[in-house]
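J.:
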Amino acid sequence: MSFEDNHGEKGSTILRRLDPRIKLLGVVTFSVVVATAQDISPLVFAVVLASIATIMSGISVRTLLGRVAAANCFVALFWVFLPLTIAGNSLFSIGPFEVSREGLWYAGMLTLRSNAIILAMIAFMAVTPVTSTVHALTRLKVPDELVCLFFFTYRYSHEIVKEYTRLHNSMKIRCFVPRSNIHTYRSYAYLVGVLLANSYERGQRLQAAMLCRGFTGKIPHLDTLRIGYGDIGAATVITFILTGMVMLNGG
Amino acid sequence: MHISEGVLNAPVLITGIALTAAGVAVGIKKMDTESMPKIAVLTAAFFVASLIHIPVGFASVHLVLNGLVGILFGWAAFPAILVALALQAMLFQFGGITTLGINTFNMAFPAVMCFFLFRRMIIGEGRTKAAIAGFLCGVSAIALSAVLVALSLTFTDRAFFVPAMAILAAHVPVMIIEGIVTAFCIDFLKKMKSELVEV
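So the sequences go chain by chain: A and B. For the first sequence, the numbering used here gives the first residue as 4, with consecutive numbering after it. For the second sequence, the numbering used here gives the first residue as 560, with consecutive numbering after it.
1) Shorter than 8 Å from the beta carbon of valine 721(B) to some beta carbon of chain A?
2) Quick one: Cα of phenylalanine 675(B) to Cα of tyrosine 191(A), how far?
3) On the DSSP bridge list, what partners appear for serine 96(A)?
4) Where does tyrosine 157(A) land, buried or exposed, given buried means 16+ other C-beta within 10 angstroms?
5) For chain A, find out if any of its Cβ atoms is closer than 8 Å to the Cβ of cysteine 696(B); answer yes or no.
6) Please compile the residues from chain B whose C-beta is within a distance smaller than 8 Å of the C-beta of methionine 213(A).
7) For a contact meaning CB atoms closer than 8 Å, what does isoleucine 58(A) contact in chain E?
8) Taking Cβ positions only, does alanine 604(B) come closer than 8 Å to chain A?
9) Mind checking glycine 654(B): buried by the 16 CB within 10 Å criterion, or exposed?
10) Would the beta-carbon of valine 600(B) fall within 8 Å of that of phenylalanine 155(A)?
11) Taking C-beta pairs closer than 7 Å, name the residues in chain B that serine 183(A) reaches, listed in chain order.
12) Kindly identify the DSSP beta-bridge partner or partners of histidine 612(B).
13) Classify lysine 26(A) as buried or exposed, calling it buried when 16 or more other Cβ atoms lie within 10 Å of its own Cβ.
14) Measure the Cβ-Cβ separation of asparagine 252(A) and proline 45(A) and say whether it is below 8 Å.
15) Give me the chain B residues within the contact set of threonine 187(A), using Cβ-Cβ distance strictly less than 9 Å, ordered along the chain.
16) Name the chain A residues that come within less than 7 Å of lysine 752(B), Cβ to Cβ?
17) In the region 636-656 of chain B, which residues sit with their C-beta less than 8 Å from some C-beta in chain A, listed in chain order?
18) Would the region 663-672 of chain B and the region 577-591 of chain B be scored as touching if the rule is three or more Cβ pairs under 8 Å?
19) For leucine 703(B) and leucine 646(B), I'd like the C-alpha separation in whole angstroms.
20) Indicate whether at least one CB of chain B lies closer than 8 Å to the CB of proline 146(A).
21) Below 8 Å, can you find three or more Cβ-Cβ pairs linking the region 723-733 of chain B to the region 705-713 of chain B?
22) If the criterion is Cβ atoms closer than 8 Å, does the pair arginine 520(B) and aspartate 746(B) meet it?
23) Near leucine 122(A), which residues of its chain fall below 8 Å by C-beta distance, leaving aside the five closest residues on each side in sequence?
24) Identify whether phenylalanine 694(B) lies in helix, strand or coil by the three-state DSSP scheme.
25) Within its chain, find whatever has a CB closer than 6 Å to the CB of glycine 11(A); leave out the 5 residues flanking it on each side and keep chain order.
26) With a cut-off of 8 Å, do at least 3 Cβ pairs link the region 601-619 of chain B to the region 569-576 of chain B?
27) Anything in the region 660-679 of chain B with a Cβ closer than 7 Å to a Cβ of chain A? List those residues in chain order, please.
28) By how many angstroms is the C-alpha of threonine 131(A) removed from the C-alpha of leucine 140(A)?
29) Judging by CA-CA distance, which residue of Gln652(B), Gly565(B) and Phe664(B) is the nearest neighbour of proline 638(B)?
30) Grouping DSSP H, G and I as helix and E and B as strand, with all else coil, what is glutamate 684(B)?
31) Please identify the residue among Val83(A), Val102(A), Phe84(A) and Gly98(A) whose C-alpha is closest to the C-alpha of asparagine 92(A).
32) My understanding is that alanine 692(B) touches glycine 626(B), with C-beta atoms under 8 Å, so please give their C-beta distance in whole angstroms.
33) Could you name the residues of the region 229-240 of chain A whose beta carbon sits closer than 8 Å to any beta carbon of chain B, in the order they occur along the chain?
34) Using CA coordinates, which residue listed in Ala729(B), Ile656(B), Asp716(B) and Ile598(B) is at the minimum distance from valine 628(B)?
35) Can you tell me where the alpha helix (DSSP H) with arginine 65(A) in it begins and where it stops?
36) Step through the CB atoms of chain B and report whether any lies within less than 8 Å of the CB of alanine 73(A).
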């Protein structure tokens with residue numbers, strides 16, 4: 004198991020260089036506008052814009068497809084059920100079930116909404132290092148305790164993935180093959196147990212080390228986030244787009 | 560277990576955000592600043608554990624372990640689960656932003672319930688009793704989460720009732736596996752690192 008960090012993708016595109024605060028605020032407001040949109044026109048507009056932004060971000064096609072597919076698994080469920088359960092004008096029937104136009108429409112709208120948001124998140128967040136996001140969160144006045152918890156969790160999840168890999172490899176060397184049986188479940192439970200016990204000890208050491216350094220539950224930010232002309236420009240464009248979407252939704 | 564973006568309506572999303580905000584506030588208040596690095600490392604361990612896939616028949620499920628999170632963390636389960644979900648959203652764009660509130664609540668509330676229901680049995684004497692409590696804890700945390708997911712969907716739209724029931728049914732095997740894994744895990748931790756369960 005491994006997970007790529009957001010630094011993974013090299014290169015420098017506009018979306019990478021943008022101030023993380025603007026990216027974060029932009030993607031949050033975009034999500035809110037899209038999640039509450041009821042008409043088709045703002046949604047199509049949102050999907051098109053988010054796709055353009057995704058292309059601009061320069062993320063690899065493989066990563067993109069994997070993430071979009073994962074998000075659409077949940078959506079697929081609604082394509083199976085909604086056309087059958089929402090009553091309305093029936094288009095055709097499969098056996099005893101009537102497929103309704105309204106159901107298909109509903110599922111379609113849901114898919115558009117879901118994909119617009121996922122694409123915007125990929126475009127804005129997948130190219131932002133988590134550490135920049137942490138700083139943006141602090142600057143945006145998210146409670147210190149939460150930011151700090153987030154930062155340490157992020158930092159140590161990499162260490163714990165290494166540890167997991169080490170433990171899992173030693174299981175594989177001993178011919179462990181996961182199957183649907185109690186032995187597998189017990190082995191995984193013990194694996195999680197070891198991870199937790201070791202993390203607890205690691206956490207205690209970390210806590211002691213942090214206290215030595217005068218930890219007060221706050222991460223001081225050493226970065227110098229500064230809003231440049233490019234950022235102001237981007238913020239203006241995002242504001243215009245969002246206002247446009249809200250107006251399309253009302254009209 | 561996650562509800563994707565774009566499915567729920569505004570009232571459900573807002574309710575989720577409000578409930579999670581309240582839970583997180585209590586969680587932060589109960590957590591002393593000094594022990595926060597320790598909680599963060601354990602949260603990271605749970606985050607990594609949730610990426611483990613376990614075979615069930617021909618498919619596989621990933622671990623959730625929110626029952627165990629509840630036993631270990633109590634009210635701090637709210638900030639811990641929020642952070643884990645936010646990290647997932649940032650690293651894999653899984654879950655989402657507007658759904659962060661409701662998704663956190665759906666998993667953290669059962670965790671806190673488990674803390675109050677099963678903790679006494681788990682920290683008490685007797686391995687079998689603790690293991691049984693662990694099993695019940697794993698099962699009921701997932702069951703309650705699945706019910707909350709189903710309710711979130713049904714409150715959004717009556718038409719979501721059937722897919723919500725399908726989700727509920729799909730979680731039955733997950734419940735059993737989580738029950739088994741939680742029971743063994745608690746048994747293991749009690750033997751190996753009892754202070755972790757008993758703080």
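Glycine residues also receive a C-beta, built at the ideal position from the N, C-alpha and C atoms.
T.: Walking through what the data contain:
1) As a position in the second sequence, residue 721(B) is number 162, starting the count at 1. Yes - at least one Cβ of chain A is within 8 Å of the one on valine 721(B).
2) Locating residue 675(B) in the second sequence gives position 116, where the first residue counts as 1. Locating residue 191(A) in the first sequence gives position 188, where the first residue counts as 1. Those two C-alpha atoms are separated by around 26 Å.
3) Here the question's residue 96(A) lines up with position 93 in the first sequence. Serine 96(A) is bridged to Glu101(A).
4) Working through the first sequence from its first residue, we reach residue 157(A) at position 154. Buried.
5) In the second sequence, counting from the first residue as 1, residue 696(B) sits at position 137. Chain A, which has no Cβ nearer than 8 Å to the Cβ of cysteine 696(B), makes this no.
6) For the purposes of this step, residue 213(A) is taken as residue 210 along the first sequence, with counting starting at 1. Correct list: Pro596.
7) Of the chains in the structure shown, none is chain E; the protein chains are A and B.
8) For the purposes of this step, residue 604(B) is identified with residue 45 of the second sequence, where counting begins at 1. Closer than 8 Å to some Cβ of chain A, the Cβ of alanine 604(B) qualifies, so yes.
9) As a working mapping, residue 654(B) is identified with position 95 in the second sequence. With 16 or more Cβ atoms within 10 Å of its Cβ, glycine 654(B) is classed as buried.
10) If you number the second sequence from 1, residue 600(B) lands on position 41. If you number the first sequence from 1, residue 155(A) lands on position 152. Result yes, Cβ atoms of valine 600(B) and phenylalanine 155(A) sit closer than 8 Å.
11) Here the question's residue 183(A) lines up with position 180 in the first sequence. Those are Pro614, Val615 and Gly616, listed as they occur along chain B.
12) Walking along the second sequence from the start, residue 612(B) turns up at place 53. Note: histidine 612(B) sits in a beta bridge opposite His621(B).
13) Along the first sequence, read from residue 1 onward, the residue named residue 26(A) stands at position 23. Result: buried.
14) Here residue 252(A) is taken as the residue at index 249 of the first sequence, counted from 1. Here residue 45(A) is taken as the residue at index 42 of the first sequence, counted from 1. Result yes, Cβ atoms of asparagine 252(A) and proline 45(A) sit closer than 8 Å.
15) Here residue 187(A) refers to the residue found at position 184 of the first sequence. Identification of chain B residues near threonine 187(A) by a Cβ-Cβ cut-off of 9 Å yields Ile613 and Pro614, ordered along the chain.
16) In the second sequence, the residue the question calls residue 752(B) occupies position 193. Neighbourhood of lysine 752(B) in chain A, by CB distance below 7 Å: Ala200 and Tyr203, in chain order.
17) Pro638, Ala639, Leu641, Val642, Ala643, Ala645, Leu646, Ala648, Met649, Leu650, Phe651, Gln652, Phe653, Gly655 and Ile656
18) yes
19) Sequence index remark: in the second sequence, residue 703(B) carries index 144 (1-based). Sequence index remark: in the second sequence, residue 646(B) carries index 87 (1-based). The alpha-carbon atoms of leucine 703(B) and leucine 646(B) are separated by roughly 23 Å.
20) Along the first sequence, read from residue 1 onward, the residue named residue 146(A) stands at position 143. Taking Cβ atoms only, chain B reaches closer than 8 Å to proline 146(A), which makes this a yes.
21) yes
22) Outside the displayed span of chain B (560 to 758) sits residue 520(B), for which this structure offers no information.
23) The residue labelled residue 122(A) in the question sits at position 119 within the first sequence. Excluding residues within five positions, the ones whose Cβ falls inside 8 Å are Val50, Ala53, Ser54, Ala56, Thr57 and Val71.
24) Here residue 694(B) is taken as the residue at index 135 of the second sequence, counted from 1. Reduced to three states, the DSSP call for phenylalanine 694(B) is helix.
25) Locating residue 11(A) in the first sequence gives position 8, counting from the first residue. Residue placement at glycine 11(A) is poorly supported in this model, since its pLDDT is 45, which falls under 50; the coordinates still yield a value, given next. Answer for glycine 11(A): no residue qualifies.
26) Between the region 601-619 of chain B and the region 569-576 of chain B, the count of C-beta pairs closer than 8 Å stays below three; the two stretches do not touch.
27) none
28) Residue mapping note: residue 140(A) aligns to position 137 of the first sequence, counting from 1. Residue mapping note: residue 131(A) aligns to position 128 of the first sequence, counting from 1. Straight-line Cα distance between these residues: approximately 13 Å.
29) Looking up residue 638(B) in the second sequence gives position 79. The shortest C-alpha separation from proline 638(B) is found at Phe664(B).
30) In the second sequence, counting from the first residue as 1, residue 684(B) sits at position 125. Three-state result, glutamate 684(B): coil.
31) Residue 92(A) sits at position 89 when you count from the first residue of the first sequence. It is Val102(A) whose Cα lies nearest to the Cα of asparagine 92(A).
32) Walking along the second sequence from the start, residue 692(B) turns up at place 133. Walking along the second sequence from the start, residue 626(B) turns up at place 67. Contact flag wrong, Cβ pair sits at about 10 Å.
33) none
34) As a first step, residue 628(B) must be located in the second sequence, where it is residue number 69. Checked all of Ala729(B), Ile656(B), Asp716(B) and Ile598(B); the closest Cα to valine 628(B) is Ile598(B).
35) As a working mapping, residue 65(A) is identified with position 62 in the first sequence. Element bounds for arginine 65(A): 64-88.
36) Along the first sequence, read from residue 1 onward, the residue named residue 73(A) stands at position 70. Judged by the 8 Å Cβ criterion, alanine 73(A) is in contact with chain B.
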